[in-house]
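Some notes on the structure that comes next.
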Amino acid sequence: MDSGHIAWMIAASALVLLMTPGLALFYGGLVRARNVVSTIMYSFISMAIVSVVWVLWGYSFALEGSGEFIGDFSKIGLSGMDINDGEGIPDLLFVVFQMMFAIITPALITGAFVERFKFTTYMVFLVIWITFVYAPIAHWVWDSDGWLFKLGALDFAGGTVVHINAGVAAIAAALLVGKRKNPGLESHNVPYVVLGAALLWFGWFGFNAGSGLKAHGVAVNALLVTNTAAATAALTWGILSQIQTGRMSAVGVASGAVAGLVAITPAAGSAGVMGALAIGFGAGAICYGAVLLRHKTGLDDALEVFAIHGVGGIWGAIATGIFAVAAIGNTAGAIEGNVGQLGIQAIAVIVTILYSFIATFIILKILDLIPGLGLRVSETDEDQGLDLSSHGERAFVDDGAD
Amino acid sequence: MDSGHIAWMIAASALVLLMTPGLALFYGGLVRARNVVSTIMYSFISMAIVSVVWVLWGYSFALEGSGEFIGDFSKIGLSGMDINDGEGIPDLLFVVFQMMFAIITPALITGAFVERFKFTTYMVFLVIWITFVYAPIAHWVWDSDGWLFKLGALDFAGGTVVHINAGVAAIAAALLVGKRKNPGLESHNVPYVVLGAALLWFGWFGFNAGSGLKAHGVAVNALLVTNTAAATAALTWGILSQIQTGRMSAVGVASGAVAGLVAITPAAGSAGVMGALAIGFGAGAICYGAVLLRHKTGLDDALEVFAIHGVGGIWGAIATGIFAVAAIGNTAGAIEGNVGQLGIQAIAVIVTILYSFIATFIILKILDLIPGLGLRVSETDEDQGLDLSSHGERAFVDDGAD
Amino acid sequence: MDSGHIAWMIAASALVLLMTPGLALFYGGLVRARNVVSTIMYSFISMAIVSVVWVLWGYSFALEGSGEFIGDFSKIGLSGMDINDGEGIPDLLFVVFQMMFAIITPALITGAFVERFKFTTYMVFLVIWITFVYAPIAHWVWDSDGWLFKLGALDFAGGTVVHINAGVAAIAAALLVGKRKNPGLESHNVPYVVLGAALLWFGWFGFNAGSGLKAHGVAVNALLVTNTAAATAALTWGILSQIQTGRMSAVGVASGAVAGLVAITPAAGSAGVMGALAIGFGAGAICYGAVLLRHKTGLDDALEVFAIHGVGGIWGAIATGIFAVAAIGNTAGAIEGNVGQLGIQAIAVIVTILYSFIATFIILKILDLIPGLGLRVSETDEDQGLDLSSHGERAFVDDGAD
Amino acid sequence: MLKIEAIIRPERVGEVTEALLDAGCSGFHYHNVTGQGQQQGVKVVTGRGGQIANRSAVPKTVLTTVISDEMQEKITKAIVDAARTPDSGDIGDGKIFISSVVDAVRVRTGESGEGAI
Amino acid sequence: MLKIEAIIRPERVGEVTEALLDAGCSGFHYHNVTGQGQQQGVKVVTGRGGQIANRSAVPKTVLTTVISDEMQEKITKAIVDAARTPDSGDIGDGKIFISSVVDAVRVRTGESGEGAI
Amino acid sequence: MLKIEAIIRPERVGEVTEALLDAGCSGFHYHNVTGQGQQQGVKVVTGRGGQIANRSAVPKTVLTTVISDEMQEKITKAIVDAARTPDSGDIGDGKIFISSVVDAVRVRTGESGEGAI
Ligand SMILES: Nc1ncnc2c1ncn2[C@@H]1O[C@H](COP(=O)(O)OP(=O)(O)O)[C@@H](O)[C@H]1O
Ligand SMILES: Nc1ncnc2c1ncn2[C@@H]1O[C@H](COP(=O)(O)OP(=O)(O)O)[C@@H](O)[C@H]1O
Ligand SMILES: Nc1ncnc2c1ncn2[C@@H]1O[C@H](COP(=O)(O)OP(=O)(O)O)[C@@H](O)[C@H]1O
């Protein structure tokens with residue numbers, strides 16, 4: 033064990049945890065004022081529920097055992113894991129670090145169905161989705177016995193497991209829950225959006241630079257390329273916004289930063305700084321376009337989960353196959369001549385899309401049919417706002433008018 | 033010295049510092065809009081005042097010398113402490129880390145008397161309370177010469193010193209300052225409450241996982257159980273709220289998280305993940321009940337400092353005696369057969385309660401009698417709100433109406 | 033390479049990055065509600081633009097080569113930098129850490145011209161200013177070939193490069209852009225101001241304790257003195273505010289903390305805790321006075337960039353020459369008999385002031401004259417607020433009134 | 003000239019303003035208020051999630067428009083139709099108060115009377 | 003029908019609404035405004051805590067209720083009693099303005115006149 | 003007694019209140035509203051920065067003051083002059099509505115009529 037690696041990985045775990053409240057603010061600022069508490073709670077409750085599921089069975093299902101498709105029951109309740117087990121870092125630290133990824137992934141999905149999804153059903157969904165969608169995909173990609181891992185798919189920090197997965201699940205959810213009755217034209221609180229994006233950016237350093245599980249050169253490279261891609265994508269998006277509307281939307285720049293962070297995620301362990309510039313530029317331009325296209329469809333993926341996390345994740349996974357540098361991550365990409373890597377990346381992408389969409393769709397469909405659950409709040413509750421109807425609280429209460 | 037330990041402990045110190053602004057937001061969101069600045073300032077000014085007191089004499093009184101009850105004058109002004117002294121980590125780093133605990137403890141108390149306590153008196157109170165209440169208790173529990181330490185009381189990260197102490201002092205303060213004239217029904221800003229709780233959760237990783245002063249297996253265990261207890265308590269509280277009111281209060285879930293964090297604090301160095309689930313569940317249920325009971329009393333402990341930090345701290349201290357695992361912290365708990373530990377824990381709890389209550393009561397009583405000080409603002413100032421009357425500032429100023 | 037040093041420096045880099053959103057909140061809370069988004073964006077876009085400039089040429093110009101006055105083209109695009117290069121920490125980590133300083137410096141300047149500066153021009157300004165003002169001064173002071181470095185000027189974490197530089201550039205900018213038409217009397221959101229200051233304080237631990245590039249005793253000393261100076265200055269400022277107005281302004285206390293952090297920046301690697309108390313006290317008193325004086329001038333340095341960063345930086349640079357302790361930073365200060373150090377510090381200060389003012393003035397003057405650019409928004413845009421006119425967004429949108 | 007003040011549900015502002023434009027009313031303004039009437043109020047959770055209270059006051063929006071006398075019927079009908087909860091209406095749908103206005107002045111031009119509204 | 007508009011201190015809203023209910027007024031609404039009158043204004047700190055300024059405008063709350071003519075005295079008395087600072091009243095306690103209302107319409111039912119208020 | 007309600011641009015509140023004080027009006031209050039009229043509305047960016055929409059409703063401030071009848075002209079002139087965009091005025095500068103007030107009561111003293119305003 034190495035105290036330096038442990039030091040960094042504890043800090044990295046804390047940073048990734050903070051991403052979920054960051055997301056809560058980011059999403060919370062984008063909705064109407066009557067749904068802020070609800071939107072924030074979708075994320076915050078994931079910290080509570082997924083943490084418990086993870087130590088009870090989530091970790092064991094996701095990252096233990098020798099199966100190709102799913103873990104096993106050997107570490108249920110983290111049984112038999114001693115604080116001194118592990119090399120480099122304690123195994124329990126790996127459990128915690130991975131937990132933070134499992135927390136934020138379903139929180140990302142909620143952007144698709146904010147302002148109308150039933151909170152109690154969502155809590156049940158969290159438990160089931162982590163078990164049947166997140167755990168298997170994490171096993172495929174990150175467990176050394178997982179079939180995508182063995183195939184050689186590169187996904188340093190979760191482009192497929194986290195982002196494509198959440199982005200595609202978001203489509204399934206948006207389809208099933210239906211459109212908002214009366215969506216707001218503007219974000220209700222732009223400072224929350226920008227502050228949330230900043231916390232995401234900050235936490236993402238833990239996400240990506242922690243995914244090597246060590247404080248070493250690869251972590252530093254991940255730090256550098258993460259920042260570079262975020263910055264490039266934010267700038268690209270901002271400039272496109274300026275060109276098209278004559279104004280530089282703050283929400284746009286913040287969204288660009290997130291898109292860049294998404295796209296660099298799978299590549300953070302293998303792309304260099306030039307690759308990061310390219311990936312960031314691509315993420316800014318492609319996801320910007322994806323948002324505009326989404327607006328032309330009838331799909332009310334309210335906070336653009338697919339356009340940013342889905343599309344950004346796909347672009348990132350493919351780009352990893354293009355820009356991977358053997359000197360950094362030991363595997364070359366297409367530019368260095370290993371064109372075959374592109375095919376492997378494509379397989380990982382397609383399989384993740386298919387599995388995530390189908391499994392999420394089925395889960396939600398069943399939840400919709402169970403009496404007492406159901407996906408959508410009543411029309412009156414939606415009109416009144418979910419803050420009052422689901423949580424009994426208004427976000428903002430003034431003096432005098434109390 | 034070990035660069036890994038130093039790396040983690042600097043980061044941990046920064047994390048604990050951030051808890052105080054986190055608390056400021058948490059508390060600030062719970063009060064009426066006319067008292068936000070005031071509530072935030074109670075916490076923020078503690079960063080200023082206690083930091084200075086700590087380097088001048090607080091540290092020396094709390095954690096130096098060979099007395100059983102209080103430190104000595106040997107390290108006044110940190111005199112004679114060289115940057116190269118220390119093993120594992122520099123002694124000065126221990127000074128800083130401990131300082132952050134001293135900063136947040138009195139800030140916790142302020143929840144009892146927000147919306148009516150005189151700011152200038154509070155500043156004097158901070159200096160005196162740290163000197164005569166915090167420093168001795170810290171010495172008893174954490175100094176290797178302290179009598180509770182020698183007795184074998186387990187308090188890894190401050191269940192007695194920080195939480196029971198603050199929770200009990202809060203009762204004394206609420207009693208003496210009296211009820212608010214016109215308390216608000218609702219929290220004025222729920223996003224602040226949740227964001228504040230999230231920052232507390234994040235910072236608590238430093239608080240608990242830093243309390244081993246090393247980046248090692250015990251720190252990792254602390255990280256894991258801290259997160260687990262916070263999550264379990266948040267979920268428990270949320271479910272109770274849903275059952276009782278049909279709505280899942282965001283303020284409730286956030287309060288549950290804090291209760292879980294409080295309760296795991298003394299146990300973080302000795303309980304395992306199963307113990308953490310139990311402690312978190314207990315914290316959620318017991319503190320929830322304590323809040324409801326408090327509402328039946330006439331005591332205006334406005335932000336539930338006793339119900340959460342006092343009761344949560346007591347439960348945590350006792351639970352440490354129950355769930356301690358010898359393989360983690362070298363001391364077994366009742367479950368592992370060492371029933372005597374429960375008695376030791378009980379002594380630590382009772383002594384802390386008595387000393388903290390009596391000493392705080394006396395200090396406040398004296399401050400109340402000193403001409404020019406006094407505990408409570410005038411009725412007009414309370415009506416107008418403390419933001420304007422104590423700080424000359426309104427929290428929120430709109431355009432047009434400026 | 034040392035994993036502990038790497039662990040700390042990755043965390044430190046993340047902390048410094050977070051300072052820029054912290055500044056965004058701090059500044060954003062101080063302006064009128066119609067200019068919040070704009071004020072936040074001035075800072076946030078710096079994360080995007082300067083990050084890109086830094087990896088492309090900024091780093092190479094600032095910190096490479098063997099010239100006395102400026103770097104060279106050798107590391108354009110970070111070419112030839114391998115993830116395994118470096119001693120102690122990877123060279124690329126140094127690149128990232130330094131990048132965060134380059135991001136926040138121009139963001140500091142924006143406080144001078146908020147509520148009226150043209151956003152598109154500002155983006156161009158960022159690119160040019162980093163290249164022609166920031167990079168050279170950084171080279172002089174921090175590159176071992178730089179002339180001020182060779183002269184023996186002490187500037188541990190950027191008193192000259194960051195704070196004096198930004199503070200003086202702010203005067204040039206305020207002069208050229210002119211006064212606001214209709215400045216607000218009060219800050220529009222005091223909680224943002226305090227939370228922003230708290231994030232700055234938190235991040236500053238990375239800024240100062242990271243500037244030794246190691247997790248060692250000097251870093252710990254930097255941590256301690258940084259906190260001490262911030263606290264002392266906050267308290268000093270608060271007490272002065274209380275004496276003069278009978279109220280303790282939260283904005284004042286927050287400003288004091290920032291002033292203390294500024295002043296300790298150059299001294300963090302050489303002053304001890306007693307020096308930090310003196311420096312913090314001086315910063316609180318002097319910058320407080322500087323703000324009052326500034327109000328008597330006609331200069332609309334809207335958010336007191338010069339009075340806090342300029343004056344605080346000058347005080348800090350001089351105080352470093354006074355309070356430097358050889359046992360900490362290897363160089364003695366005036367108190368330890370090395371009076372000559374004061375002269376060296378004075379040279380560094382004066383040269384930075386002159387270069388920064390003249391170069392910034394020229395750059396802005398040219399930008400003002402270029403057709404399509406220009407420094408100031410139209411009067412209608414200023415009246416309407418920059419949030420809508422530059423960004424097409426209102427910061428806060430209520431329900432019902434949407 | 004008449005002043006129409008309609009207290010409506012915040013979530014119906016969109017429908018009501020559209021109806022006003024359709025009815026030929028070209029100028030109005032609205033702001034949020036806290037209202038109390040026969041409506042039961044809203045249930046709010048207090049006591050950190052453990053208690054439920056009835057806050058009798060509920061959020062409402064007041065929409066004001068000044069119109070010429072002859073438009074009274076058309077405009078009130080438009081508002082009533084758009085502000086009423088579909089089907090049979092719900093308690094809390096709001097009220098309309100009508101009062102008379104002596105004069106109006108357009109700031110830009112200084113013109114007054116009917117032409118200014 | 004009369005419209006009563008009372009400009010009161012925000013901290014007295016609770017007392018005033020209770021008094022209104024006691025006096026038999028079942029409907030009203032209120033919102034916060036910035037007011038200026040004889041009251042000295044509030045002292046606010048500016049210049050980063052180093053200066054004190056007088057902001058003449060102070061926060062007030064306007065409470066509006068429409069009542070039948072015969073309730074005028076009862077209601078104004080109720081408001082005055084509840085809104086006045088105990089003892090002899092303070093500058094800034096507020097004012098009540100009374101104007102006449104032509105008609106009222108209840109959105110839910112469409113009924114108008116006295117029955118709608 | 004007359005009630006003057008002026009809907010003005012938020013950025014002109016300072017000028018207008020100064021003008022009112024100069025004109026001898028010692029009491030008024032104001033609050034922000036969302037207004038819609040002939041003004042084109044404001045352009046807002048939507049779709050994450052990729053689209054631009056016209057929000058017809060724009061922020062306005064309503065300033066209310068109750069005055070004695072004979073001050074009507076002086077006060078409206080003061081408001082019009084201060085609220086109008088320099089030069090020839092712009093669409094959206096606002097409107098003033100004047101209605102009559104039956105009575106006024108000063109809460110502090112209980113006095114009513116002209117003396118209370
Ligand atoms: N007499 C009144 N004066 C002023 N506002 C009123 C009056 N009566 C009702 N209101 C407003 O109208 C709203 C709706 O009235 P309410 O009595 O709840 O429903 P309904 O009119 O459908 O029976 C209330 O919330 C209140 O704001
Ligand atoms: N003529 C008026 N028109 C409108 N509002 C007024 C008028 N006079 C006073 N007010 C409002 O009433 C509030 C209280 O009035 P003020 O003159 O301060 O106290 P008092 O009536 O006790 O002397 C003011 O803040 C203002 O909002
Ligand atoms: N008939 C009306 N009733 C109420 N408010 C109105 C009316 N007409 C205009 N307003 C308000 O006055 C503001 C300015 O009016 P507008 O028609 O945009 O400009 P102008 O009067 O300069 O032509 C509008 O935003 C609206 O708030």
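First to last, the protein sequences are chains A, B, C, D, E and F. Count along the first sequence from 1, then add 32; that gives the number in my numbering. Count along the second sequence from 1, then add 32; that gives the number in my numbering. Count along the third sequence from 1, then add 32; that gives the number in my numbering. Count along the fourth sequence from 1, then add 2; that gives the number in my numbering. Count along the fifth sequence from 1, then add 2; that gives the number in my numbering. Count along the sixth sequence from 1, then add 2; that gives the number in my numbering. Positions of the beta carbon are idealized from the N, C-alpha and C atoms, including for glycine. Predicted model only: the values in this text are computed from it and were never measured.
Below-8 Å beta-carbon distance, residue i vs any chain E residue
i, result
"A/GLY432", "yes"
"F/ARG14", "no"
"B/GLU425", "yes"
Cutoff 8 Å: residue i Cβ touching any chain C Cβ
i, result
"A/PHE239", "no"
"E/GLN38", "no"
"A/THR277", "yes"
Below-8 Å beta-carbon distance, residue i vs any chain F residue
i, result
"C/LEU420", "yes"
"C/ASN214", "yes"
Beta-carbon gap between residue i and residue j smaller than 8 Å
i, j, result
"A/SER273", "B/MET280", "no"
"B/LEU140", "B/LEU47", "no"
"B/VAL290", "B/LEU256", "no"
"E/GLY37", "F/HIS31", "yes"
"B/ASN116", "C/GLY61", "no"
"D/VAL103", "D/LYS5", "yes"
"C/ALA310", "C/ALA322", "no"
8 Å Cβ cutoff, residue i in contact with chain B
i, result
"D/GLN41", "no"
CB contact check: residue i to chain A, cutoff 8 Å
i, result
"C/HIS327", "no"
"E/ASN56", "no"
Cut-off 6 Å between Cβ atoms - residues of its own chain near residue i, not counting five sequence neighbours on either side
i, result
"E/ARG57", "GLY43, VAL44 and VAL46"
"E/ILE93", "GLN40 and GLN41"
Interface flag, residue i vs chain D, CB-CB below 8 Å
i, result
"E/SER101", "yes"
Own chain partners of residue i with C-beta closer than 8 Å, once the 5 adjacent residues on each side are dropped
i, result
"B/ILE196", "HIS341, GLY342, GLY345, ILE346, ALA349, VAL381, THR384, ILE385 and SER388"
What runs of the alpha helix (DSSP H), each 4 residues or longer, lie entirely inside the segment 172 to 221 of chain B? 179 to 183 and 197 to 209
May I have a chain-ordered list of the alpha helix (DSSP H) segments no shorter than 4 residues that lie completely inside the segment 295 to 344 of chain C? 305 to 328
Report yes or no: do the segment 159 to 176 of chain A and the segment 259 to 279 of chain A share at least 3 C-beta pairs separated by less than 8 Å? no
Segment contact flag, the segment 300 to 314 of chain C with the segment 70 to 87 of chain C, C-beta cutoff 8 Å, min 3 pairs: no
Whole alpha helix (DSSP H) runs in the segment 67 to 144 of chain C with 4 or more residues, listed along the chain? List check, alpha helix (DSSP H) in window: 68 to 85, 91 to 95 and 123 to 141.
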